[in-house]
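Asker: Just so we're aligned, residue 349 is where the sequence shown starts under the working numbering, counting upward by one. Positions of the beta carbon are idealized from the N, C-alpha and C atoms, including for glycine. All values derive from a computational prediction rather than experimental measurement. The structure follows.
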Amino acid sequence: MTNGRRAGHFERVQGTFCGVGAGILVICVLGLFCVGRHGASAATDFASACHTSYYNSPKCIDHPDGYGCECGSGFHWNTEMCMSTAIDSRLEFKQKRPIRYTLLLGKGFPQVKAFTIVYWIRLSKNHNSSENGTILSYKQGTRFDIMQMGVDHRLWFRLHDRVKYTRIVLPVGEWAHVAWTWNAEDGTWKLYWNTQEVNSGRRSAFRKPVPGGGEFVLGQASREAFEFDSNVAFVGDLAHLHVWDFVMSHADIVHLNTSCTFMYCGNVAQWADFRSGTRGAMRMRWPSGILKDKCKTAVEEADTCNKHCSLTIGAQCNEDIVENIVWERTKAVNYLNVSCPGQENMEASNITLENATRLCDQTAQNDGIWEKPFIDKCISQDLMEIKDKVKRAFKGPDLNESIVFYLAELLLNHTINNVYTNPIDVATVIDLLALIVDTQDEVAVLQEKKWREGRNLYAQTVNVVRTKEETKNFTEVIIRTVDNLLSRRNDVGWNATKPAGVEGDNLLSALEAFARTVAKTIEYNIHIGMLDVNDASISEARGNIEFKVDVHMSNVFRGYTYPSSLERKMMGMLNNIGEIRLPNILKSQNASLIPAFFLTASFRFKHLAMYLPNHDLLTKSKEDNVNTPIITLYVYAGDAPFFRNLSSPIVFKVPFLDTFNISNPECVRIRHSSLSAEWRWLRDDCHLDWQDGISAQCGCYIPGVYAITTDMYNDNWDKGEKRPILMNAASYIGCALSALLCLATLAIHLYCKTSSAIASLHKNLALSIFFSQIVFMIGIDRYENQVVCEVFAVLIHYFVLSTYSWLMNETFNLYTTVTYSAHAQHQDLSDSGSFLRYTFLGWILPGVFVGAFVGSQGESYYAKDMCWIAWDNLWLFVGPTLGIVTVAIMVLILTAKEHNENSYTKSEKTNKVLTIQMKGMWTQIILVTVNWSFAFLSLKMHDSIIKYLYALMNVLQAMFFTVFNLLHEEIRNVLKANEKLKTLSTPGIDPEVDERSIDSFASTPLVEKDIKDSLPLEKKRGGREKKSQIEASSEEEIEREGSDCEMITSL
349 MTNGRRAGHF
359 ERVQGTFCGV
369 GAGILVICVL
379 GLFCVGRHGA
389 SAATDFASAC
399 HTSYYNSPKC
409 IDHPDGYGCE
419 CGSGFHWNTE
429 MCMSTAIDSR
439 LEFKQKRPIR
449 YTLLLGKGFP
459 QVKAFTIVYW
469 IRLSKNHNSS
479 ENGTILSYKQ
489 GTRFDIMQMG
499 VDHRLWFRLH
509 DRVKYTRIVL
519 PVGEWAHVAW
529 TWNAEDGTWK
539 LYWNTQEVNS
549 GRRSAFRKPV
559 PGGGEFVLGQ
569 ASREAFEFDS
579 NVAFVGDLAH
589 LHVWDFVMSH
599 ADIVHLNTSC
609 TFMYCGNVAQ
619 WADFRSGTRG
629 AMRMRWPSGI
639 LKDKCKTAVE
649 EADTCNKHCS
659 LTIGAQCNED
669 IVENIVWERT
679 KAVNYLNVSC
689 PGQENMEASN
699 ITLENATRLC
709 DQTAQNDGIW
719 EKPFIDKCIS
729 QDLMEIKDKV
739 KRAFKGPDLN
749 ESIVFYLAEL
759 LLNHTINNVY
769 TNPIDVATVI
779 DLLALIVDTQ
789 DEVAVLQEKK
799 WREGRNLYAQ
809 TVNVVRTKEE
819 TKNFTEVIIR
829 TVDNLLSRRN
839 DVGWNATKPA
849 GVEGDNLLSA
859 LEAFARTVAK
869 TIEYNIHIGM
879 LDVNDASISE
889 ARGNIEFKVD
899 VHMSNVFRGY
909 TYPSSLERKM
919 MGMLNNIGEI
929 RLPNILKSQN
939 ASLIPAFFLT
949 ASFRFKHLAM
959 YLPNHDLLTK
969 SKEDNVNTPI
979 ITLYVYAGDA
989 PFFRNLSSPI
999 VFKVPFLDTF
1009 NISNPECVRI
1019 RHSSLSAEWR
1029 WLRDDCHLDW
1039 QDGISAQCGC
1049 YIPGVYAITT
1059 DMYNDNWDKG
1069 EKRPILMNAA
1079 SYIGCALSAL
1089 LCLATLAIHL
1099 YCKTSSAIAS
1109 LHKNLALSIF
1119 FSQIVFMIGI
1129 DRYENQVVCE
1139 VFAVLIHYFV
1149 LSTYSWLMNE
1159 TFNLYTTVTY
1169 SAHAQHQDLS
1179 DSGSFLRYTF
1189 LGWILPGVFV
1199 GAFVGSQGES
1209 YYAKDMCWIA
1219 WDNLWLFVGP
1229 TLGIVTVAIM
1239 VLILTAKEHN
1249 ENSYTKSEKT
1259 NKVLTIQMKG
1269 MWTQIILVTV
1279 NWSFAFLSLK
1289 MHDSIIKYLY
1299 ALMNVLQAMF
1309 FTVFNLLHEE
1319 IRNVLKANEK
1329 LKTLSTPGID
1339 PEVDERSIDS
1349 FASTPLVEKD
1359 IKDSLPLEKK
1369 RGGREKKSQI
1379 EASSEEEIER
1389 EGSDCEMITS
1399 L
């Protein structure tokens, strides 16, 4: 051993180590070595002897959130380099027999005058302490057991034929770290167990070197011939056994014990050298599992990889989301220009786009760091003018409350006259609102009073009292501004904010500061006697936000509810947002700590939950989604500590926004964003009292902002920008086939020139079904344009009601036919009733209904996620439809009754036809109702099965309607007559036979006119002579066709 190998003489490698293979550089080890979780430092170069084939440099992959290290198959990043997965392995000596062992192959064991042997050991759970187990042994020639270590009930070793039992008792089934050092110069030795020195000594017999060229074996004692003695074989696991030719310091041994990188290799023998020397029933398994609870975390791996690649390639700033803009990963010392949001539709034109700019700087530690972005060019021009005015005013020397109020009114007017589609405009309004509120708080309490005395100018800071009227006016301006900002017309801008919910949280923070300002002003006015406690409340209610500050005398306080029933009536507050109650929290408090009065501030928000999602909008999650209005309560009572963490909970009751297929309600309160944490909905200090599927009640012990989350397993639910898929391929095919079949039915009627009343009813019904299917198929998801979407919503409602109205007309006509035929048996059964009233009921009455509904409901008539009626107003469709269907069913019942009572007055043929028509009407009403039920169910539930059922029912009802119409007597007779005309024109046909055939099918006035007028007079006479035969033939044929109709109707 050379002096350069002495412990303490080695310096920690700061640069690289090299291994030479075929004369080229293979590996570079980076910087400072990983020292493990415990932070131990090592003074030795442990890595220079490592095999270069087991270590290599990573390929740096650039990701948005930092560099990634790609090591290739069989390698992984160990925070310093890419290391073979097989390095962290263990040898498994499962049992003594059959014989198994591991040799040191591929290199000779050199002569050493000192050594350090380090390894990890785990005794088998079946270890017998009365039996010896040899961990390692070394012999040279006929000199056996020159070096040996084993275990029975204690750890022991043999060196130069001298045995020493130690005090180390190895645990069974647990990993232990063992280190054995020896120095031939003075014969000293030491044993370490889990980094602790347990035994040491000095013997003169040990003062000679270990000879080289021998056999180093793991798991067996040295063999005398060819066979090992299995009686002294080791049973257990060994891992990471290394041998060095010098004595390690205690610090070095601690480093090896705590290292997560395994970047250490013995210069005499290393763990990888034993891989090829396994013999017998040996097993090598990886990972070893030694440090699974203490090793590196994913964050440490990512950080070290990022530092390595930053040194190799160059520092970069990671992807970041600031000011509602995604700033992509950028190299250090570079500016990044990003197109302002809201300009997506302008990219295809030649209009010059505005950009936001941000610098990616570089730190002294070679890390990329983002500077503050410049986004002024992304703010709309008129809003930027207001921002500039606010900046100038707040920097000016004459800032006062009047100026602040003027600027607040400017901002209010801007929110009234503008629609915000740019998220940066939304954020700017919130920032200006917060700045105005904070400044109002400052200037309203302290102002500088100046005066002159002679040539001297004096100044004094004085309290300025703001009256209740001024406070109320300021409150009105702020609440109106927020109400306009929360209007649904600004959804585009709100939904584009990034990250999701951050601007909603900023708005809540600004409103919390606003409530505190108003409360502080009222409290100050009460203290100085300018305001009476009973007249100190201030409230403001708007469509999207409601606010109230109330004062409570402590000696009479018994609890507080917002809003009270009186407030709901007097101020026209909404009933479907919820309420919040503060219990009597003073009764259990020390009277000396209770102030004379305290204040509460409450908010209720109708739609704000949409802008404060519990998940990223781009990720649709079905669990823990905010599903109620948001309600808040703040308590102001000076320094009284019990108001910050209450002994009795604040109770709030709120309705669910979506009640379909929800579960697992959780009461949550908001934690605002800070320098150390992002905003979050938390369940801490809140509990659920009850829920009934429509609303829920919760209790929370800390004042703040509250809501309830639920699991949303309604497939129609989607709080993100991604719209729900309302129609799939099957839905479109079903609608298209239904429309085509109805159109074909209408075309057949027109081709046959049918003119009877029942044929006209069929044509109008076909037309209404055709239009209802077309507008539903085309317009149900045209929500990208609000006006177009609203038009389609009205048209769908109208044509579906019209379909039911024409079905009702069919029942009216059938009733009239049955009633009339009872007194006029030989009259044509299809021409009864006036068609004018049918036109009114079928086309005009549905339009009156829909027009009245749209006019009375206004914006609330329309759904927000599809071109249809809002689900809260579904009764506008269900009510009239049920009414029409009820009337139709009652008419069919009366028709059946009338028919049964008077069937004896009609022929069997007439009774059969009427029965078939009644069955057809019942079937048609059922099919249409079931079809539209599946249609609207498929909009509410996005399960593909529902959409396939809708398509099936759609085609089925259209096919039935078409077949039922083709069996109409007038159409059949015209088609048959036309066929006979073609037959007459064929040579070789007997004209007299065909004349009788034509006459037999001429059963309607139209057919008689078209056919009989074209025949000679003599043939008409001949036809009359055979009238009785024709009637008999016609009646038999009608009966046969009636049976066909009845069979199809039954099917």
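Pairing CB atoms from the stretch 501-510 with CB atoms from the stretch 546-560, are three or more of them under 8 Å?
Answerer: As far as the Cβ criterion goes, the stretch 501-510 touches the stretch 546-560, which means the pair count is three or higher.
Asker: In whole angstroms, what is the alpha-carbon distance linking Asp-709 and Ala-861?
Answerer: Cα-Cα distance, rounded: 34 Å.
Asker: Could you tell me the alpha carbon to alpha carbon distance between Leu-1085 and Asn-1313, rounded to whole angstroms?
Answerer: Cα to Cα, Leu-1085 sits roughly 17 Å from Asn-1313.
Asker: Please report the straight-line C-alpha distance between Glu-1356 and Val-1322, rounded to a whole angstrom.
Answerer: Any reading at Glu-1356 must be qualified, since the residue scores a pLDDT of 34, below 50, and its modelled position is unreliable; the value itself is stated next. Rounded to whole angstroms, Glu-1356 to Val-1322 spans 10 Å at the Cα level.
Asker: Confirm, please, whether the CB-CB distance from Leu-994 to Tyr-1049 is below 9 Å.
Answerer: Yes. Within cutoff.
Asker: Output needed for Glu-479: all residues of its chain with C-beta closer than 7 Å, excluding positions within five of it in sequence on either side, in chain order.
Answerer: Closer than 7 Å at Cβ, skipping near neighbours: Asp-500.
Asker: Inspect the beta-carbon positions of Thr-869 and Thr-819 and report whether they are closer than 9 Å.
Answerer: A contact, by the Cβ cut-off of 9 Å.
Asker: Under the rule that 16 or more other beta-carbon atoms within 10 Å means buried, what is Lys-896, buried or exposed?
Answerer: Buried, because 16 or more other Cβ atoms sit within 10 Å of the Cβ of Lys-896.
Asker: I'd like to know whether the C-beta atoms of Arg-627 and Arg-438 end up nearer to each other than 9 Å.
Answerer: Cβ distance not < 9 Å, so Arg-627 and Arg-438 don't count as in contact.
Asker: Who are the near neighbours of Leu-453 in its chain, counting only those whose CB is closer than 6 Å to its CB and skipping five residues on each side?
Answerer: The residues are Ser-624 and Gly-625.
Asker: Nearest to His-399 by alpha carbon, out of Asp-585, Ala-617, Trp-1223 and Gln-1121?
Answerer: For the residues Asp-585, Ala-617, Trp-1223 and Gln-1121, the minimum Cα distance to His-399 belongs to Ala-617.
Asker: Any idea what DSSP makes of Asn-973, helix, strand or coil?
Answerer: Residue state, collapsed to three classes: strand.
Asker: For the ligand SAH, any of its heavy atoms closer than 8 Å to the Cβ of Asp-1129?
Answerer: As far as ligands go, the structure on display features none, and thus does not contain the ligand SAH.
Asker: Classify Gly-561 as helix, strand or coil using the three-state DSSP reduction.
Answerer: Here Gly-561 sits in coil by DSSP.
Asker: Quick check: Pro-689 and Asn-672, are their CB atoms within less than 9 Å of each other?
Answerer: Yes, these two residues count as a Cβ contact at 9 Å.
Asker: Strictly by DSSP, which residues pair up with Gly-625?
Answerer: DSSP lists no partner for Gly-625.
Asker: Cβ of His-762 within 9 Å of Cβ of Ile-734?
Answerer: Result yes, Cβ atoms of His-762 and Ile-734 sit closer than 9 Å.
Asker: Tell me the residue span of the beta strand (DSSP E) that contains Asp-668.
Answerer: Start and end: 668-670.
Asker: So, Val-520 versus Lys-473, is the Cβ gap smaller than 9 Å?
Answerer: A contact, by the Cβ cut-off of 9 Å.
Asker: Determine the contact status of Glu-318 and Met-632, defining contact as a CB-CB distance below 9 Å.
Answerer: With the chain covering only 349 through 1399, there is no way to say anything about residue 318.
Asker: Please determine, among Asn-962, Ser-1251 and Cys-408, the residue with the shortest C-alpha to C-alpha distance to Ser-658.
Answerer: With distances taken between Cα atoms, Ser-658 lies closest to Cys-408.
Asker: Can you grab the Cα-Cα spacing for the pair Cys-1046 / Gly-852, in whole Å?
Answerer: Straight-line Cα distance between these residues: approximately 22 Å.
Asker: Just how far apart, CA to CA, sit Trp-842 and Thr-769?
Answerer: Approximately 8 Å between the Cα atoms of the pair.
Asker: Which residues in the same chain as Glu-1366 place their Cβ atom closer than 6 Å to its Cβ, once the five residues preceding and following it in sequence are excluded?
Answerer: Low confidence applies here, because Glu-1366 scores a pLDDT of 40, under 50, leaving its location unreliable; read the following figure in that light. Hits under 6 Å: none found.
Asker: Answer yes or no: do Ala-680 and Gln-664 have a C-beta to C-beta separation smaller than 9 Å?
Answerer: It is a contact, given that the beta carbons lie within the stated cut-off.
Asker: So, helix, strand or coil for Asn-605, using DSSP?
Answerer: Correct three-state label for Asn-605: helix.
Asker: Which residue from Ser-421, His-590, Leu-856 and Tyr-415 puts its Cα closest to that of Asp-651?
Answerer: The residue with the shortest Cα to Cα distance from Asp-651 is Tyr-415.
Asker: Tell me the DSSP secondary structure of Ala-1114 in three-state form.
Answerer: Correct three-state label for Ala-1114: helix.
Asker: To the nearest angstrom, how far is it from the Cα of Cys-613 to the Cα of Leu-1036?
Answerer: Rounded to whole angstroms, Cys-613 to Leu-1036 spans 59 Å at the Cα level.
Asker: Do Asn-973 and Asp-1059 count as a contact pair if the criterion is CB distance below 9 Å?
Answerer: Yes, the pair counts as a contact, with Cβ atoms nearer than the cut-off.
Asker: Glu-749: which of Val-1123, Tyr-1131, Asn-666 and Asn-821 sits nearest, CA to CA?
Answerer: Among Val-1123, Tyr-1131, Asn-666 and Asn-821, the Cα nearest to that of Glu-749 belongs to Asn-821.
Asker: For a minimum of 3 consecutive residues, which ranges assigned as the beta strand (DSSP E) are wholly contained in the stretch 700-773?
Answerer: Counting only runs of 3 or more, we get 703-710 and 716-718.
Asker: Quick one: give me the first and last residue of the beta strand (DSSP E) that Met-497 is part of.
Answerer: 491-499 is the span of the beta strand (DSSP E), which, as asked, contains Met-497.
Asker: Return the CA-CA distance between Tyr-984 and Ser-912, expressed in angstroms with no decimal places.
Answerer: The straight-line gap from Cα to Cα measures roughly 20 Å.
Asker: How many angstroms separate the CA atom of Pro-406 from the CA atom of Gly-422?
Answerer: Each residue's alpha carbon lies about 13 Å from the other.
Asker: Let me know the beta strand (DSSP E) ranges lying completely inside the stretch 833-902, each 3 residues or longer, listed in chain order.
Answerer: Those beta strand (DSSP E) runs which fall completely within the stretch 833-902 and span 3+ residues are 886-889 and 893-901.
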